[in-house]
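Undergrad: The following block contains the structure, expressed as structure tokens.
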């Protein structure tokens with residue numbers, strides 16, 4: 006599969022910007038090849054064209070020998086051709102003008118080129134790519150047709166498409182031989198136009214169903230489960246790793262710093278899974294297991310894209326902070342085998358962020374493990390305010406990016422488990438909230454409530 010990666014400045018552009026001599030050699034080679042082919046087709050014009058090329062080479066030699074930006078050219082001694090003495094001032098002005106315009110063009114291309122951050126040992130993180138003015142100024146008001154219990158798909162797509170970084174990437178690129186990626190990209194390109202007529206997502210549904218057969222047919226499905234399958238499908242198609250190394254167990258090293266352990270786990274993950282999906286959604290969770298007898302701490306790390314959060318109360322109202330406190334709190338382990346003292350002991354386990362993503366997806370676990378009940382507890386969360394998560398970041402983390410987020414979209418589930426319906430609330434590019442209910446889109450004053458199911462935040 007071909008993966009489109011256009012985040013770094015092409016080497017050819019860098020060479021042109023940094024070394025003007027490369028332009029001379031390239032145009033000389035191109036001119037010689039053209040001259041050779043022309044002379045074969047028309048021998049009578051060969052002498053005249055060679056003479057013209059010789060004159061052009063002399064002119065270029067003079068230009069670069071007088072260029073103050075090239076130390077190589079200054080070390081050479083070139084004499085001005087007699088035939089060019091009268092045009093010396095005009096040729097110098099022309100040279101400077103062409104060089105200035107060329108450098109200006111290169112700077113524009115450099116400015117408009119997206120750049121990928123150098124990966125630290127603790128983060129998959131994509132910088133804001135070059136802004137796409139069309140998608141930043143257009144307010145998405147286009148719904149998606151319900152093709153038979155496909156509200157789970159429609160709400161997932163609408164909520165994901167309102168994350169700026171993901172939207173920019175899939176609007177900017179096209180994908181050949183990647184069914185899910187191409188279908189998702191084409192659907193976003195239909196949604197983010199001034200057209201308000203509803204479109205359909207049948208192509209995306211078919212593509213995802215090929216990889217995840219549970220979504221075939223027209224039964225009801227879970228929106229969070231579909232979102233996970235969609236992200237998995239995008240990752241598998243766009244994975245930069247073409248041949249994964251064999252699996253091996255990562256073991257503790259006595260006396261090793263936790264940050265170094267994190268590095269080893271992250272390096273191993275990158276060797277197997279490395280895509281735009283993990284660049285944007287990937288975060289590293291640290292799981293520490295502490296022995297009560299000897300105090301030995303065992304560490305393990307896991308990369309995920311969606312964080313499922315328990316709701317600690319079945320009734321009343323709780324905050325998202327309370328839910329995260331319960332998720333990241335200490336869990337008592339009554340029986341465990343310690344890697345330090347090698348004995349059966351008790352202890353406790355605790356989770357923490359070791360790195361945070363550019364796009365943070367929180368799934369509120371409203372549906373019981375039995376699949377027969379739904380929690381209607383109202384969960385409050387910041388809607389227009391900044392949401393910091395630094396209190397749940399591991400104290401040993403060397404992660405340096407911002408840990409503050411702003412809500413971008415919400416998947417909402419109304420009704421019962423057997424007869425429910427999914428819709429999406431999303432913050433538009435005009436900073437107003439919109440409600441996407443399959444084909445219909447309407448302005449909304451979103452205030453949260455007991456129906457919130459999946460929360461999507463973006464780093465600020």
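In this note's numbering, the protein residues as written are 6 to 465.
Just so you know, even glycine gets a beta-carbon here, dropped at the ideal spot from N, CA and C.
(1) Only counting the same chain, and skipping five residues up and downstream in sequence, which positions put a Cβ closer than 7 Å to that of residue 318?
(2) Consult DSSP for residue 238 and reduce its assignment to one of helix, strand or coil.
(3) In whole angstroms, what separates the C-alpha of residue 328 from that of residue 145?
(4) Given residue 366, which residues of its chain have a CB within under 6 Å of its CB, disregarding the five upstream and five downstream residues?
(5) Could you compute how far the alpha carbon of residue 458 sits from the alpha carbon of residue 346?
(6) So who's on the other strand from residue 372, going by DSSP bridges?
(7) Quick check: the Cα distance between residue 100 and residue 170, rounded to an integer number of angstroms?
(8) Measuring CB atoms only, is the segment 431 to 443 touching the segment 292 to 312, in the sense that at least three cross pairs come out at less than 8 Å?
(9) Measure the Cβ-Cβ separation of residue 397 and residue 333 and say whether it is below 8 Å.
(10) What did DSSP end up calling residue 342 once you bin it into helix, strand or coil?
(11) Considering only the beta carbon of each residue, do residue 279 and residue 323 sit closer than 8 Å?
(12) Are the CB atoms of residue 411 and residue 441 nearer to each other than 8 Å?
(13) What does a CB cutoff of less than 8 Å around residue 386 pick up in its chain, not counting 5 residues either side in sequence?
(14) Buried or exposed for residue 190, going by 16 or more other Cβ atoms inside 10 Å?
(15) Report the option in 251, 438 and 286 whose CA atom is closest to the CA atom of residue 273.
(16) What's the gap between the Cα of residue 143 and the Cα of residue 368?
(17) Taking a contact to mean a Cβ-Cβ separation below 8 Å, would you say residue 267 touches residue 320 in this structure?
(18) Using 10 angstroms around the beta-carbon of residue 174, count the other beta-carbons present and answer buried if the total reaches 16, otherwise exposed.
(19) Taking DSSP's pairing of strands, which residues face residue 191 in a bridge?
(20) Given residue 370, which residues of its chain have a CB within under 7 Å of its CB, disregarding the five upstream and five downstream residues?
(21) Am I right that residue 422 and residue 378 are in contact with their C-beta atoms under 8 Å? What's the rounded C-beta distance?
(22) Taking Cβ positions, are residue 203 and residue 427 nearer each other than 8 Å?
(23) Please tell me whether residue 243 and residue 186 are closer than 8 Å, where the distance is taken between their beta carbons.
(24) Do you know how far the Cα of residue 438 is from the Cα of residue 447?
(25) In terms of alpha-carbon separation, which member of 234, 277 and 149 lies closest to residue 248?
(26) In whole angstroms, what separates the C-alpha of residue 403 from that of residue 464?
(27) Should residue 361 be listed as close to the ligand ADP, given that the test is whether its C-beta is under 7 Å from any heavy atom?
(28) Excluding the five sequence neighbours on either side, which residues of its own chain have a C-beta within less than 8 Å of the C-beta of residue 451, listed in chain order?
TA: Taking the coordinates as given:
(1) Leaving aside the five residues that flank residue 318 on each side, the residues in its chain whose CB is nearer than 7 Å to its CB run, in chain order, 382.
(2) Secondary structure of residue 238 (DSSP, three-state): helix.
(3) Residue 328 and residue 145 have their alpha carbons spaced roughly 32 Å apart.
(4) Closer than 6 Å at the Cβ level, and outside the excluded window around residue 366, lie 311 and 461.
(5) About 43 Å.
(6) DSSP, once it has assigned bridges, lists 379 as partnering residue 372.
(7) In this prediction, residue 100 scores a pLDDT of 49, lower than 50, which makes its location untrustworthy; no coordinate-derived value is stated.
(8) No, the segment 431 to 443 does not touch the segment 292 to 312.
(9) The criterion of a C-beta distance shorter than 8 Å is satisfied by residue 397 and residue 333.
(10) Three-state result, residue 342: strand.
(11) A distance of 8 Å or more separates the beta carbons of residue 279 and residue 323.
(12) Residue 441 is positioned such that its CB atom lies no closer than 8 Å to that of residue 411.
(13) Same-chain partners within the cutoff: 324, 325, 392, 412, 453, 457 and 460.
(14) Residue 190 is buried by the Cβ-count criterion.
(15) Checking every option, the nearest Cα to that of residue 273 belongs to 251.
(16) One C-alpha to the other measures close to 28 Å.
(17) Contact: no.
(18) Residue 174 should be labelled buried.
(19) According to DSSP, which records beta bridges pairwise, residue 191 is partnered with nothing at all.
(20) Contacts found: 313, 314, 315 and 316.
(21) Indeed, because the Cβ distance is near 7 Å, the residues count as touching under 8 Å.
(22) No, they are not a contact pair.
(23) With respect to residue 186, residue 243 sits close: the two C-beta atoms are nearer than 8 Å.
(24) Straight-line measurement puts the Cα of residue 438 at about 9 Å from the Cα of residue 447.
(25) It is 277.
(26) Each residue's alpha carbon lies about 18 Å from the other.
(27) You won't find the ligand ADP in this model; it holds no ligand whatsoever.
(28) Counting only residues of its own chain and dropping the five nearest sequence neighbours on each side, residue 451 has a CB closer than 8 Å to the CB of 388, 415, 430, 438 and 440.
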